[in-house]
Every structure is written in structure tokens, then in C-alpha cells.
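Comments concern the structure below.
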Amino acid sequence: MTPPDFLIPSPLHLLKDPVLEKSGIEFYLKRDDLIHAEISGNKWRKLKYNLIKAEELGFKKLLTFGGAYSNHIYATAAAGHYFGFDTLGIIRGNELDSRANLTLRFASEMGMEFIFTERNDYRSKEWFYEKFSQEYYIIPEGGSNSFAIPGTAEITDEIYSELIPDYIACAVGTGGTLAGIISKCHAQTRVIGFSALKNGSFLQDDILQLTGNQAIFCSWEIETENYHFGGYAKTKPTLIEFIKAFEIRNPGVKLDQVYTGKMMFGLYDMIQKNSIKSGTKIVAIHTGGLQGRSPLLDQ
Ligand SMILES: *Cc1c(COP(=O)(O)O)cnc(C)c1O
2 MTPPDFLIPS PLHLLKDPVL EKSGIEFYLK RDDLIHAEIS GNKWRKLKYN LIKAEELGFK
62 KLLTFGGAYS NHIYATAAAG HYFGFDTLGI IRGNELDSRA NLTLRFASEM GMEFIFTERN
122 DYRSKEWFYE KFSQEYYIIP EGGSNSFAIP GTAEITDEIY SELIPDYIAC AVGTGGTLAG
182 IISKCHAQTR VIGFSALKNG SFLQDDILQL TGNQAIFCSW EIETENYHFG GYAKTKPTLI
242 EFIKAFEIRN PGVKLDQVYT GKMMFGLYDM IQKNSIKSGT KIVAIHTGGL QGRSPLLDQ
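Quick note: the sequence shown uses this note's numbering, first residue 2, plus one each step.
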């Protein structure tokens, strides 16, 4: 299920950022953004075992849910195209507002069909499950279900095959990526998730549930207060300026403002405040998401 044009294992790059060199921290970026141009980052990790399962069960069609700018919708549409599944996206919002956006235009070019739902009835997914589960393999919003976990757990396996970091850091939306990472971490590594949403305190329970409530051997936490910048997909000028400056100091690395930019801002802030100490090794996961990069970052 991993075709030759996928870059797996994804590279681990040591950042040569002058700001970090002063801190005495070895800072690596796990470049899941380079896995594939269209099925990038953690979305491929989460889809992999879902696609294997769908095939095993004899499904020819995938159905999933997401917002009009969703990285998961984008990746699922592309995966359907490359692996021979028809795809149906249940899109939150109204058709006239959404049709022109680049994410859905790409998904449509990949053959995805859409059902647009108004924001209120979007939440009642049972209807879609009842109506479509005979014909479609259904993947939840964000791709996070029990089959996502063995895929995202491979991130930790790949890291440990190169080094044992003191910290692994990752952006958190639905928690499927973090759940897989902590499921394989040893006690030497501490894991920090950075919530991309406001009021993310429910994530802790969601993540434990996603791991199947198995024993977790590392300490892990989710930073839910300080780095969400007002909430999901919200930005502030300080975040945009941080990302632009980061990209100038680290040529070849681009960040998005929804996930990886907020994680990186948080990590640099913790390093500056000395809550991450000199002499430690950090691996931050570049989860991809560059299709959703704001044009503000290129101005
Ligand atoms: C979806 C996404 C996340 C969040 O992953 P979860 O498994 O939902 O927590 C993080 N980073 C990027 C770039 C994403 O697209």
C-alpha cells in the first residue's frame, strides 16, 4: 500500500536555525510534509490502514467528512484517485460559498463528489452512516479512527530507528496523530501536543480512547491554552510574522498557519522561556498541510 513515489520513511532533518544554535538544543524536523505532494503528512499516515481495510472488506467507494478547506478532504480525494476508490465528501457549509475554493476544486479534479450540508445538520452524522454504510467505507472527520493509529504509530518507529529524542512535538486537531505517536513512545521521550483549537481540553480523553486505552509508557501532555491563536484556523499577525521569519532562517521548510506554524511558535516560545532545556533533543513532526497555506505568508 505504499507506492514508489511516496517518501517513506520520511526524512529527519536537523534544523540549522541560528536562533536554535544559541539555545544548545538539537532540533529535528520529521518531514512528513515530503511524503507525497498531494497525500501529504499525517493524512497519509491515517489513511494507509483505512485503505487497506476498505480493500479487504471489498469496498470500492470511500466517504468522509470535512470543512471546505480540509487537508483530510484534499488527501482523501487524491488517495481515492491513486488507489482506485470513488470518493464522496460530506462538506460542512453551503455550496455557493464553497465551490470556488481551491481545496474543493482540487478534490473535484481528483474525482471526489460532494454533498454540502448546512452547519446545523452537519453534526448529525448518523444519517450519513445509515444511508451510505452499505456502499461506502466511511472514514470519520480528520481521518482519526482506530485504523489511523497503526499508521501514525509508524512515525515513532521511524524516529526511534534513527535516534531517541527527549521530546516529540506535534500539532493536534482530532488527536489521531498524537495517539499513534504516544502508543509507541518509550519512557525516555516526552510528547507535547499543541492544540490547534480553542477549548481543547476534551482532546485528552479522545486521544486515550483512540489508543484503545492501552498502557502508555511515555509522559505526554497537550498544550491547550497558549498557542491556539484564538481557535481553529484563526491567526494573528504575531503568528504570521513568526512563520515568515522562521521560513527565512530555515530555507526549504514551509509551515502552515493552521497547524505546524502554531506548534513551532509554541516550541520556540518554550525554548526561549527555558521550559525546554539546553542539551535536549527535540523531534517536531511536520505534519504537512501546505495546501492550506495562507497567501498572507507569501506577501
Ligand atoms: C489534520 C492535521 C493535523 C491534526 O492531526 P490530528 O490527527 O487530527 O490531530 C496536524 N497538522 C496538519 C498539517 C494537519 O493537516
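Glycine included, each C-beta is placed from N, C-alpha and C at the ideal position.
These numbers were taken from a predicted model, which means no experiment stands behind them.
Taking C219 as the centre and dropping the five residues before and after it, the same chain places the C-beta of I183, C186, H187, A188, T190, R191, V192 closer than 7 angstroms to its C-beta, in chain order. Residue environment analysis places E224 among the buried positions, since at least 16 neighbouring C-beta atoms fall within 10 angstroms of its C-beta. Within a 10 Å sphere around the beta-carbon of D33 sit 16 or more other beta-carbons, which makes this residue buried. Sequence-distant Cβ neighbours of I208 in its own chain, meaning closer than 7 angstroms and more than five residues away, are G176, L179, A180. With a cutoff of 8 angstroms, K44 counts as near ligand 1, since its C-beta is closer than that to a heavy atom of the ligand. Looking from the CA of K255, the closest CA among N227, I286, A234 belongs to I286. Secondary structure of V173 (DSSP, three-state): strand. For A197, DSSP records no beta bridge to any residue. A216 carries a coil assignment under DSSP once its states are collapsed to helix, strand and coil.
Contact annotation: Y75 and A38 have beta-carbon atoms that are not nearer than 9 angstroms. For I283, the enclosing beta strand (DSSP E) covers residues 282-287. A direct Cα-Cα distance of roughly 12 angstroms separates E248 from L240.
DSSP, reduced to helix, strand and coil, places L15 within a strand of the structure shown.
No residue range can be given for Y70, since it is assigned to no beta strand (DSSP E) and is classified by DSSP as neither H nor E.
Beta bridge pairing from DSSP links V192 with I169, W221. Annotated three-state conformation of D257 is coil, per DSSP. DSSP, reduced to helix, strand and coil, places G81 within a helical segment of the structure shown. Excluding the 5 residues flanking it on each side, G174 has same chain C-beta neighbours closer than 6 angstroms at G143, A197, in chain order. If you compare the alpha carbons of A170, A234, R250, G231 with that of W221, the shortest gap goes to A170. Shown here, F60 sits in coil according to DSSP, grouped into three states, outside any helix or strand. DSSP links D33 through a beta bridge to no other residue. Distance from the CA atom of K199 to the CA atom of G267, rounded to whole angstroms, is 14 angstroms.
D167 and I160 have their C-alpha atoms roughly 12 angstroms apart.
Annotated as distal: L8 and L30, with beta-carbon spacing of 9 angstroms or more.
In the three-state DSSP reduction, G290 falls in the coil class, being neither helix nor strand.
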